[in-house]
Amino acid sequence: MPMAALLLYRASAGAGKTHTLVTQYIKWALCDTAAFEHILAVTFTNQATREMKQRIMTALHSLANGEATALQKELFHMGWTHEPLQVRSRELLSRMVYQYESFAVTTIDSFFYKIVQSFSEELCLQQHFAVEMDEALALEESVALLLQSDLPLLQKWLVDFALENLLAGKRWHIAAQLQQLGKTLYKESFKLHEKALLAALEQEDVLPYFLADLQSNLLLFEEKMQKTGKKALALLEQEKLAPEDFSYGNKGIIGYFRKIAHTKDFAPTKRALLAATAVASWIPKRTTKNEQLTRVITDALHPLLVEAIALYDTEGIRYRTAIAVARFVYSFGLMAALLKELEQYRRRHNVLFLSDIATLLYQFIQENDTPFLYERIGNKFHHFLIDEFQDLSLFQWVNIKPLLLNSLAQGYDNLLVGDVKQSIYRWRGSDWRLLNHQVEAAFEGTKVHALRTNRRSHKAIVSFNNTFFSAAADQLMRYLEVTLSSAKEAAAPLRYEWEQMKRVYGDIAQQLLPTTQQGGYVELLLFKSHPLDTLSKERPNGQLRVQKEMIHLLKKLKNRSIAAKDIVLLVRNNREAALVEELCRGLYAARDGYMPAQARSLVWDHVAVKVIIYALYYLNSAEELMHKIALIQTYSNYIGQEPINWHHYIGRGREVTAIAVVLPKTFWDQKAFLQSLPLYACVELLIKILFAEEEAYNAVLAFFQGMVLDYCHTAATDTLQAFLSWWEKRGKTFPLPVNSDEDMLQIMTIHQAKGLEFKIVIIPFCNWNLDHIPQKGPLLWCAPYQQAPFHYFPVLPLHYSEMLKATYYAQDYYLEHMQAHLDNFNLLYVAFTRAKEQLYVMAPLPEQEGKLLTTADLIYRSLVACPTDKSGGLSVVETLAATVEETPIGIRFCLG
């Protein structure tokens, strides 16, 4: 038997990741008709799960019918012949249909949930627990209870928290800020240290000692620096000298002494640093006090300046670190209180949060024998396939890694597939480094394959993306290298991280299929700002210019008879989506544009869902008259009957049964049977009875059935009453997916569009920050510096900001700085690679050349300003022989 191998596929956008996974699944499943029961395919979303199941079944159906496909050809090369392949495919397809529950294609969260269920006793969990999907709702309730507390210490923390937010220029609304703080408690970066941190906080004297030590260090340094400054100013007064007697007056060295004497800004100015080494720079050229100045400077002021600078150099880093730590120290108490409230929420409702599932397994694996953990489930599966591997988190990887090791040890192959360039969920815990280099290093003999053939886009788009992202990655990595050079001592440990980031886009070029369409079109408009755009801070940069260009572009596409459903507008966030939707609705109302899709419609807004829900309410409590009325009225609306005069029945006490004939007779005949059924079976039969001849609502009703099924799989109890309670609290807020068959313009965020493709892609605001937005940076959990006063806790929370560059935590800052740039560059890659036929991008010209702050800056520098080493000294424009037109509003780049 050949040795088992871990197959690692690194792909690019449109290169057939799912096709590769489906093909390998079928190869393994065809070994015998029961083999599929021992294969686990893992994805990250329910939609991806449904799509993969459908593609596997469709591929098997084609094989069973003997259709000539690429998969059939590949299987023939493996030794299969026509008739045996058809027979085995039919048998396998039939068995999969009849044993559908054994068809293990699932989300990673669902898989881990099943493991946790099987170990509920060992994990000390209550029986029949549910999974709380709406963590924000739980946090909102916990924060509300926290704010009602009258504990004096907690009240002090809340006041300090509110004051700190006000001083930082944030909103004063404390509940919203607490919820923002609470979100960090769900993240793996916190859960990694949660137990150790809570253990430290449970020692009641630790936090007061820490605060006292921190405050003492701050005051001691401030007193030393201020004493030096005041001593210098007293000497001036004693000598009857004024700032004007010295070079540059108050803006020179005397200004520095004043600053350190009366403020907490102790950083030496450029003139102070010069004066420390050049005494002559103190004295102005024209002075009548040369002798006195020389004596005072030499004997007293210069030694004081040297003393102040030396103190800042030796103790300043500790002071600056203490300031950074103190800014968030109040959060320790609040976090501990919030954690207790969330734990009480779990107990009250008998739930686990979705983020708890992977964490529980991770912690259990650290504390127990791994084979024991997986003996109940691990041996069931021989092969594992993991899609979108770049989205895997550290905890998820640690949890699933033993399964792969066990499978490989038993001689079974496994497959991982993903694209590091599409890693855009780091804020949710995903770790791109796993796919990039860590898995290959951890599994000896890993067989690495590259999927480089683009099967999605036309030639012009592939050529543009190949050349542009090669140049842009080169520009970005040069910028980060320069940034690292200023990191001093922190630079050396980060060099390896930089090298691995450089590897992500090291081989970006994709190949074309011989059958690839030769057309395609790319247009980028780098525009000058509209004068009115500078008057409002609320608008995205260049909003008015973008509106004008979008109107022109959408009219042009409409005149070409392009269908609305073939166009998507990609934006960075919901605020931009709202602006674009408002513009599109205005155009449509004026009969000049396309109707935008109702992307934010809720499932509860649909009449078919209302009918089912009101039917469930009625079945749950048939004696309630209002439930019967609501059902009859809603169904009457659905079938288009005239509105019913309910006052005629209710006000006069008349029997509602007289109008109950609005509903199908079968409903009333089957009422008792419906009430006896389990929830999902009840919903399934309701749909058959109430919508027997309705096909238009199939997609909506299938989506609703999926919601019910998901609820049944994750809820502690799936009774009708429990479901209706969940529906009112959470279910009715679910958004309804857009119907791809409707001819409507799509408006999506880039995150929503990941994994999708569109004929025409328009990116109107291609100008997001490469770094975190100031005041909105993440919370970094940093290992403590083993020196007082930073050694009290196993981890310290610090806000990401530039001030960390001059602290003991500079390495943490620069690592996050580099990671943030890669995240936002990956977003650009995902956005540009959604297009099949046409790509339109709008971005402002840089206000200052040489800066690299936004994606617009990077586009300009990569397209126009700077040639790359790989292009032989040519810019992207020159390499592609593209057309460039300079217009009054900016620069237009066209290819195709």
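All residue numbers for the sequence shown refer to our numbering, where the first residue is 174 and numbers rise by one. Here a beta-carbon is modelled for each residue, glycine too, at the ideal position from N, C-alpha and C.
In the three-state DSSP reduction, I212 falls in the strand class (E or B). Counting only the Cα atoms, K978 lies some 42 angstroms from K721. Using a Cβ-Cβ distance cut-off of 8 angstroms, the region 459-471 and the region 416-432 are in contact, since at least three pairs of beta carbons, one from each stretch, lie closer than that value. For V784, same chain residues with a beta-carbon under 7 angstroms away, outside a window of 5 residues either side, are T807, Y808, Y811, L863 in chain order. A residue is called buried when at least 16 other Cβ atoms come within 10 angstroms of its Cβ; Y429 meets this threshold and is buried.
According to the DSSP secondary-structure assignment, T254 is paired through a beta bridge with no residue.
Each of A737, G189, F557 was checked against the Cα of L588, and the nearest Cα belongs to F557. Q227 sits exposed, since fewer than 16 C-beta atoms from the chains shown fall within 10 Å of its C-beta. Residue pairing of H556 in beta bridges, as defined by DSSP: I212. L918 places its beta carbon less than 8 angstroms from that of M768. In the pairwise beta carbon analysis, the region 612-630 is classified as not touching the region 988-1002: fewer than three pairs are separated by under 8 angstroms. Inter-segment contact for the region 996-1003 and the region 685-697 is absent: fewer than three beta-carbon pairs are separated by less than 8 angstroms. V968 carries a coil assignment under DSSP once its states are collapsed to helix, strand and coil. Contact annotation, H555 with Y585: C-beta distance approximately 4 angstroms; criterion of less than 8 angstroms satisfied.
In its chain, beyond the 5 residues on either side, L852, Y853, D891 have a beta carbon closer than 7 angstroms to the beta carbon of C885. For the set Q517, I496, R500, K574, the Cα lying nearest the Cα of L534 is the one of K574.
The C-alpha of Q220 is placed about 22 angstroms away from the C-alpha of K594.
If you ignore the 5 residues before and after A309, its C-beta comes within less than 7 angstroms of no other C-beta in its own chain. Annotation: the continuous alpha helix (DSSP H) that includes E670 extends over 664-677. Each residue's CA atom was taken as its position, placing N572 and L608 some 16 angstroms apart.
Under a 10 Å Cβ-count criterion, E361 is classified as buried, with 16 or more other Cβ atoms of the shown protein chains found around its own Cβ.
The C-alpha of A795 is placed about 20 angstroms away from the C-alpha of W899.
The region 843-890 is shown to contain whole alpha helix (DSSP H) runs of 4 or more residues at 844-849, 852-863, 871-887, in chain order.
Straight through space, the alpha carbons of I920 and S528 are spaced by roughly 29 angstroms. Assignment of I933 by DSSP, reduced to helix, strand and coil, places it in the strand class. For the pair of segments examined, the region 634-654 was found to touch the region 671-679: the number of CB pairs separated by less than 8 angstroms reaches three. In this chain, the beta strand (DSSP E) harbouring H622 covers 620-624.
Taken through DSSP and simplified to helix, strand or coil, G489 comes out as helix. According to the DSSP assignment, A1029 belongs to the alpha helix (DSSP H) that extends over 1028-1033. Nearest Cα to K1009 within the set L847, Q299, D739, Y791: D739. Under the 10 Å beta carbon count, M508 is surrounded by 16 or more other beta carbons and is classified as buried.
With a 10 Å radius around the Cβ and a threshold of 16 neighbouring Cβ atoms, N627 comes out buried.
Separation of Q960 and G489 (C-alpha to C-alpha, rounded to the nearest whole angstrom) is 14 angstroms.
Of the candidates Q197, I735, A214, Q197 places its Cα closest to the Cα of A243.
Bounds of any beta strand (DSSP E) do not take in L909, whose DSSP letter is neither H nor E.
Secondary structure at T689: coil, using DSSP grouped into helix, strand and coil.
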